[in-house]
Amino acid sequence: MLEQLKFLIEYQILENKRAMLARNCEEAPRRIAELEKEFGHFEAEFIARKADHSHAQETHRALEQAIADLEAKIARSKKRMNEVKNNKEYQAILREIDDSKKEISSKESEVLEVMDKIETLGAEVQEMEKALEERRKKLDSDCLELRTGMEQLKEKLERLQACQKEVEVKLEPNLLRRSNFLFVKQAGIAVAPVENGVCQVCHLNIPPQKFIELQRDETIMQCPHCHRFLYWPGHEAYCLSEDDYGNL
Ligand SMILES: [Zn+2]
1 MLEQLKFLIE YQILENKRAM LARNCEEAPR RIAELEKEFG HFEAEFIARK
51 ADHSHAQETH RALEQAIADL EAKIARSKKR MNEVKNNKEY QAILREIDDS
101 KKEISSKESE VLEVMDKIET LGAEVQEMEK ALEERRKKLD SDCLELRTGM
151 EQLKEKLERL QACQKEVEVK LEPNLLRRSN FLFVKQAGIA VAPVENGVCQ
201 VCHLNIPPQK FIELQRDETI MQCPHCHRFL YWPGHEAYCL SEDDYGNL
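Using the working numbering, the first residue of the sequence shown is number 1, and each one after it goes up by one.
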């Protein structure tokens, strides 16, 4: 068994776990942002509905005021009737009163409409307010859960990185450098098993002579195509699995 090759495999397994944990750590803030956005949409809807409701109330007040003004106008016209000098003036005042009455009647039907609207919107606002409160509580508890989970993941990540460091110091600097380079250049995979003469990561054949050499287990080799470090799983010593690091 080549000890350095075994370290490379170990280093790879820890790297896989590290990358997965790092991804999971990023997941929580993304999910929190999503939840906050969702809540924000609902809150904006609630604010808009509330604004509609108070706008309708303002319209109602304005209509009532306009009706009161028209009624005052009619009262003034009626007073003026006592002072008219001829029939023409009298008819003009009657028309004025009639116009005001028509206007009042149209405004009164507007009032009915707006009152219906106020009632509907008021009920909606009340319901949404309750829902908003529930959503806020849910958001707080979900975010807390996500943050707690993330803290745990971070602790796990730190333990794992310490463990990876232990392997790192055991690796020859040259192999460590190449391995880190491959992590960056080859999608985080620096080590590949070879089965039946085929690199199991890039799926290309390695020359038969090289495969024989690999099975002899005398030198550390790299795939001629993807340049990953190769090992043959026929040697049990290299068959490490993530489960061997399950406590991390
Ligand atoms: Zn390959």
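In this text, a Cβ means the ideal position worked out from N, Cα and C, and glycines have one as well. Small disclaimer: the values here were computed from a predicted structure and weren't measured.
Endpoints, the alpha helix (DSSP H) within which residue i is located
i, result
"V167", "87-170"
"Y245", "That residue, Y245, is in no alpha helix (DSSP H); it is neither H nor E in DSSP."
"L21", "3-81"
"P207", "First-last for P207: undefined, no H or E at that position."
Assigned secondary structure, residue i (DSSP; H/G/I helix, E/B strand, else coil)
i, result
"P193", "strand"
"V184", "helix"
"L230", "strand"
"Q222", "strand"
Of the listed residues the options, nearest to residue i (C-alpha basis)
i, options, result
"L230", "A51, P208, E242, A190", "A190"
"G122", "D52, S100, F181, M20", "D52"
"I47", "M20, E119, I97, M128", "M128"
"G197", "P224, N180, L182", "P224"
"E218", "W232, I206, R61", "W232"
"R135", "C226, A92, K37", "K37"
"R80", "R18, A92, K165", "A92"
"S54", "E155, Q126, L146", "Q126"
"E110", "S179, Q65, L182", "Q65"
"M20", "K210, L204, Q161", "Q161"
"I97", "L112, R76, E83, P207", "R76"
"K102", "Y90, S141, L70", "L70"
C-beta atoms of residue i and residue j nearer than 8 Å
i, j, result
"L171", "L5", "no"
"L2", "I220", "yes"
"V114", "L63", "yes"
"C163", "L35", "no"
"V201", "R177", "no"
"K17", "E242", "yes"
"I104", "H60", "no"
"K73", "S100", "yes"
"C25", "L146", "no"
"Y11", "E166", "no"
"V184", "L214", "no"
Presumed contact (8 Å Cβ cut-off) between residue i and residue j, rounded CB distance
i, j, result
"M150", "A28", "4 Å"
"C226", "A192", "7 Å"
"I67", "E133", "The pair is not a contact, with the Cβ atoms about 38 Å apart (cut-off 8 Å)."
"C143", "I32", "5 Å"
"E155", "R49", "About 44 Å; that fails the 8 Å criterion."
Interface flag, residue i vs chain C, CB-CB below 8 Å
i, result
"Q186", "Checking the listed chains, one finds no chain C in this structure; it contains a single protein chain."
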